[in-house]
Amino acid sequence: MAVISPAREALYTQLTEAQQERFTQLMEQADTAGPHDYAPLMGHIADLVGLPTGEIRLCGCSCTCPVIFDADDEDAHVIEWTGGYNLGRVQCPTCADRHPETA
Numbered sequence: 693m694a695v696i697s698p699a700r701e702a703l704y705t706q707l708t709e710a711q712q713e714r715f716t717q718l719m720e721q722a723d724t725a726g727p728h729d730y731a732p733l734m735g736h737i738a739d740l741v742g743l744p745t746g747e748i749r750l751c752g753c754s755c756t757c758p759v760i761f762d763a764d765d766e767d768a769h770v771i772e773w774t775g776g777y778n779l780g781r782v783q784c785p786t787c788a789d790r791h792p793e794t795a
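The sequence shown begins at 693 in the working numbering and counts up one residue at a time.
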């Protein structure tokens, strides 16, 4: 029996309009969530986009990449730290490799 690896990325553009709206709402809530609410929100977001639970982010680079990924990926690149919020700007591994940015 073949073992299927969990998805490592999802594409925002492949979500339905309703899923995109829900993703945006949940990410906004996660950005200001307290410690007890943050992890469950990340879990809901991961379920919504079909990724394992993690530090879910939409690629934050200027090329407007549609990749949703786990920001804890060793090849992800932090563009800007949180600045008082939970979610900093992070590039997906592909963008970080092709054109790493700084704030």
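Note that the Cβ used here is the ideal one computed from N, Cα and C, for glycine as well. These numbers come from a predicted model, not from an experiment.
Q. With a Cβ-Cβ cutoff of 8 Å, do Ala702 and Leu743 count as a contact?
A. yes
Q: Take Cys755 and list the residues in its own chain whose beta-carbon comes closer than 8 Å to its own, dropping the five residues that flank it on each side.
A: Cys787 and His791
Q: Note the first and the last residue of the continuous beta strand (DSSP E) segment covering Glu772.
A: His769 to Glu772
Q.
Tell me which residue opens and which closes the beta strand (DSSP E) that Val790 is part of.
A. Note that residue 790 corresponds to Arg in the displayed sequence, not to Val. From DSSP, Arg790 is part of no beta strand (DSSP E) but of the alpha helix (DSSP H) over Pro785 to Arg790.
Q.
I need the boundaries of the alpha helix (DSSP H) containing Arg714, first residue and last residue.
A. Glu709 to Thr724
Q: Tell me whether Glu747 is buried or exposed, calling it buried when 16 or more other Cβ atoms sit within 10 Å of its Cβ.
A: buried
Q: Would you kindly work out how many angstroms separate the C-alpha atoms of Leu779 and Gly752, rounded to a whole number?
A: 10 Å
(Q) Output needed for Val759: all residues of its chain with C-beta closer than 6 Å, excluding positions within five of it in sequence on either side, in chain order. (A) Glu701, Cys751 and Cys784
Q: Could you give the DSSP three-state label for Leu740: helix, strand or coil?
A: helix
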